[in-house]
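The numbering used here puts the first residue of the sequence shown at 44, with every later residue one more than the last.
Reviewing the structure listed below.
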Amino acid sequence: MIIIPTFRTAAAILKMAPSTLSNCLHRVITRVRTGHTIRGLVTLGADEIAYCKGRKYATIIYDLDRSRVVWVGQGKGRETIDRFFNEQLSDGQKQRIRWASCDRSRAYTGAIQHHCPNATLVIDRFHVVKALNEALDAVRKDEWPRLHWGHSTPLPERHPRDRSLSCGEGLERGA
44 MIIIPTFRTA AAILKMAPST LSNCLHRVIT RVRTGHTIRG LVTLGADEIA YCKGRKYATI
104 IYDLDRSRVV WVGQGKGRET IDRFFNEQLS DGQKQRIRWA SCDRSRAYTG AIQHHCPNAT
164 LVIDRFHVVK ALNEALDAVR KDEWPRLHWG HSTPLPERHP RDRSLSCGEG LERGA
């Protein structure tokens, strides 16, 4: 923990005017004291991030129309996103959500379909492109031998030298 003795020093470290820092802190404190409410959420985005070197996860809910984070919860499972819907949104707010974007996680898609019956579920572009690239790689691996050698044989292993480093068939220990 770093202790900064004065407000002016903190503003200098952050490279902003003391009045700007004061305004930011005032808004945050007011928001926390009044209880942050989510208003006008129509287009929702859900994703997870890893922290602590990938050992822990947090679920982030975005308002995609306003490009704002509206909620962060610890964990990435169904219970985490259910907690968001049950604790943060009223039934009316859930009904007003028209679009929801997430990855292909069953936890997220299932929770969104359950809690937001009027929402159209959209799989985010990153995961669609990733799935298409994986499918294209699989087809390429199957077609390469036929196109290159004129017959269907499996592709050679990527690193045959790795297999020769271990004791496998035809290799003797200590040789």
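From the three backbone atoms N, C-alpha and C, an ideal C-beta is built for every residue, glycine too.
Given a length threshold of 4 residues, each whole run of the alpha helix (DSSP H) inside the region 145-185 is given here in chain order: 149-158. The C-beta distance from residue 100 to residue 118 rounds to 6 Å, short enough to fall under 8 Å. For residue 111, the enclosing beta strand (DSSP E) has its first and last residue at 111-117. Ranked by how close their Cα comes to the Cα of residue 155, the residues 129, 171, 180 have 129 in first place. Minimum Cα-Cα distance from residue 142 among the listed residues 184, 107, 121 corresponds to 107.
In the structure shown, the three-state DSSP call for residue 132 is coil. One alpha carbon belongs to residue 66, the other to residue 145, and they sit about 34 Å apart. Residues of the same chain with a CB within less than 8 Å of the CB of residue 136, apart from the 5 flanking positions on each side, are 81, 84 in chain order.
Counting along the chain, the unbroken alpha helix (DSSP H) around residue 52 starts and ends at 50-56. Cβ neighbours of residue 111 within its own chain (closer than 8 Å, five residues either side excluded): 105. In this structure, the CA atom of residue 131 is about 36 Å from the CA atom of residue 55. With respect to the 8 Å criterion, residue 121 and residue 150 are classified as neighbours on the basis of their beta carbons. The alpha carbon of residue 140 has as its nearest neighbour, out of 116, 73, 124, 86, the alpha carbon of 86. Residue nearest to residue 124 within the set 148, 68, 98 is 148 (criterion: CA-CA distance).
Per the coordinates, the alpha-carbon of residue 152 lies some 26 Å from the alpha-carbon of residue 180. Only buried fits residue 127, as 16 or more other CB atoms lie within 10 angstroms of its CB.
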